[in-house]
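K.L.:
Structure provided below as structure tokens; questions to follow.
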Ligand code: TMP
């Protein structure tokens, strides 16, 4: 089973993902961007204010393709539980926002289309919902994606994804204290795994 964690920067997603390691010691914990050289290329692009947004989409997507074939698909084939800190929805939400002013007419649909051809959709996605102002303040704006106005568009994109597939998403209020957020995520994963096994 593939469970993904999504949300704005500063939503507490990575803290929750780390806490799940103790609860599911046998699961495969992974993340995007990955630690491969494709991931290094992605971070290099993110650090460049002048990076071409379309080129950046393809770097993220290349990293995803490698992640799928090297980590996600083999683990799922072995029947493992895979928990990924960010996955395809991050592309749909973030790159659709960076490409909003581009020549693409419907960036979100375009990016979903690219993924539909080769990706493996998550079985369930836990969305850590936080307002863009809190997210930007918590994240400390260490990269170009962490500005509040940009995160507002990213959040709207996440909402569009949830509207399109309400059954795949579990929404967690990430404005709550971190320990409560972790607990809500743990309870959600427990329920999802139980329902999947039934
Ligand atoms: P992180 O906050 O989970 O470490 O993610 C790093 C940044 O990369 C974060 O600002 C979101 C961004 N990102 C994208 O823009 N598109 C993607 O597909 C992924 C995986 C991350």
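Residue numbers (UniProt numbering): 1 to 198. Even for Gly, the Cβ is constructed at its ideal location relative to N, Cα and C.
Which whole runs of the alpha helix (DSSP H) in the region 12 to 80 are 4 residues long or more, in chain order?
P.N.:
Whole alpha helix (DSSP H) segments, 4+ residues: 13 to 23, 37 to 46, 53 to 67, 73 to 77.
K.L.:
For residue 11, tell me which candidate among 162, 193, 142, 127 has the shortest Cα-Cα distance.
P.N.:
As a working mapping, residue 11 is identified with position 11 in the chain shown. That would be 127, whose Cα lies nearest to the Cα of residue 11.
K.L.:
Who are the near neighbours of residue 50 in its chain, counting only those whose CB is closer than 7 Å to its CB and skipping five residues on each side?
P.N.:
If you number the chain shown from 1, residue 50 lands on position 50. Contacts found: none.
K.L.:
Tell me whether residue 145 sits in a helix, a strand or coil according to DSSP, three-state version.
P.N.:
Here residue 145 is taken as the residue at index 145 of the chain shown, counted from 1. Of the three classes helix, strand and coil, the one that applies to residue 145 here is helix, per DSSP.
K.L.:
Do the CB positions of residue 124 and residue 81 come within less than 9 Å of each other?
P.N.:
Residue 124 sits at position 124 when you count from the first residue of the chain shown. Residue 81 sits at position 81 when you count from the first residue of the chain shown. Not a contact, by the Cβ cut-off of 9 Å.
K.L.:
Here's a check: name, in chain order, each residue in its chain whose Cβ is nearer than 6 Å to the Cβ of residue 5, leaving out the five neighbours to either side.
P.N.:
Start at 1 with the first residue of the chain shown, and residue 5 comes out as number 5. 13, 17, 85, 126, listed in sequence order.
K.L.:
Output the boundary residues of the alpha helix (DSSP H) element that contains residue 183.
P.N.:
To locate residue 183, count along the chain shown from 1; it is residue 183. From DSSP, the alpha helix (DSSP H) with residue 183 extends over 178 to 197.
K.L.:
Could you tell me which residues DSSP pairs with residue 171 in its beta bridges?
P.N.:
Within the chain shown, residue 171 is the residue found at index 171, counting from 1. Residue 171 pairs with 127.
K.L.:
For residue 83 versus residue 43, is the C-beta distance shorter than 9 Å?
P.N.:
Here residue 83 refers to the residue found at position 83 when the chain shown is read from its first residue. Here residue 43 refers to the residue found at position 43 when the chain shown is read from its first residue. Not in contact: residue 83 and residue 43 (Cβ atoms no closer than 9 Å).
K.L.:
Can you tell me whether residue 113 is helix, strand or coil according to DSSP?
P.N.:
Looking up residue 113 in the chain shown gives position 113. Helix.
K.L.:
Residue 149: buried (16+ other C-beta within 10 angstroms of its C-beta) or exposed?
P.N.:
Within the chain shown, residue 149 is the residue found at index 149, counting from 1. Under this definition residue 149 is an exposed residue.
K.L.:
If you follow the beta strand (DSSP E) that residue 133 is in, where does it begin and where does it stop?
P.N.:
For the purposes of this step, residue 133 is taken as residue 133 along the chain shown, with counting starting at 1. Element bounds for residue 133: not the beta strand (DSSP E) but the alpha helix (DSSP H), 132 to 139.
K.L.:
Excluding sequence positions up to five away, which residues of its chain have a Cβ less than 8 Å from the Cβ of residue 34?
P.N.:
Taking the chain shown and counting its residues from 1, one reaches residue 34 at position 34. 63, 66, 67, 71, listed in sequence order.
K.L.:
Nearest-angstrom Cα distance between residue 163 and residue 108?
P.N.:
Translated into positions along the chain shown, residue 163 becomes position 163. Translated into positions along the chain shown, residue 108 becomes position 108. Distance between the alpha carbons of residue 163 and residue 108 is about 13 Å.
K.L.:
Cβ of residue 31 versus every heavy atom of ligand 1: is any distance shorter than 8 Å?
P.N.:
Taking the chain shown and counting its residues from 1, one reaches residue 31 at position 31. Checking the Cβ of residue 31 against ligand 1 gives yes.
K.L.:
Between which two residues does the beta strand (DSSP E) carrying residue 8 extend?
P.N.:
Translated into positions along the chain shown, residue 8 becomes position 8. Note, residue 8: premise wrong, no beta strand (DSSP E); not H, not E.
K.L.:
Is DSSP giving residue 102 helix, strand or coil here?
P.N.:
Locating residue 102 in the chain shown gives position 102, where the first residue counts as 1. Residue 102 falls in the coil class under three-state DSSP.
K.L.:
Spell out a yes or no on whether the region 85 to 96 and the region 45 to 60 are touching, meaning 3 or more CB-CB pairs, one atom from each, closer than 8 Å.
P.N.:
Taking 8 Å as the limit for Cβ pairs, the verdict is that the region 45 to 60 does touch the region 85 to 96.
K.L.:
So what's residue 84 in DSSP terms, helix, strand or just coil?
P.N.:
Position 84 of the chain shown, counting from 1, holds the residue named residue 84. Residue state, collapsed to three classes: strand.
K.L.:
Below 6 Å CB to CB, which residues in the same chain sit around residue 183 once its five sequence neighbours on both sides are set aside?
P.N.:
Counting from 1 along the chain shown, the entry for residue 183 is found at position 183. Closer than 6 Å at Cβ, skipping near neighbours: no residue.
K.L.:
So, is residue 60 buried or exposed, given that buried needs 16 or more other C-beta atoms within 10 angstroms?
P.N.:
Numbered from 1 along the chain shown, position 60 holds the residue referred to as residue 60. Buried, by the Cβ-count rule.
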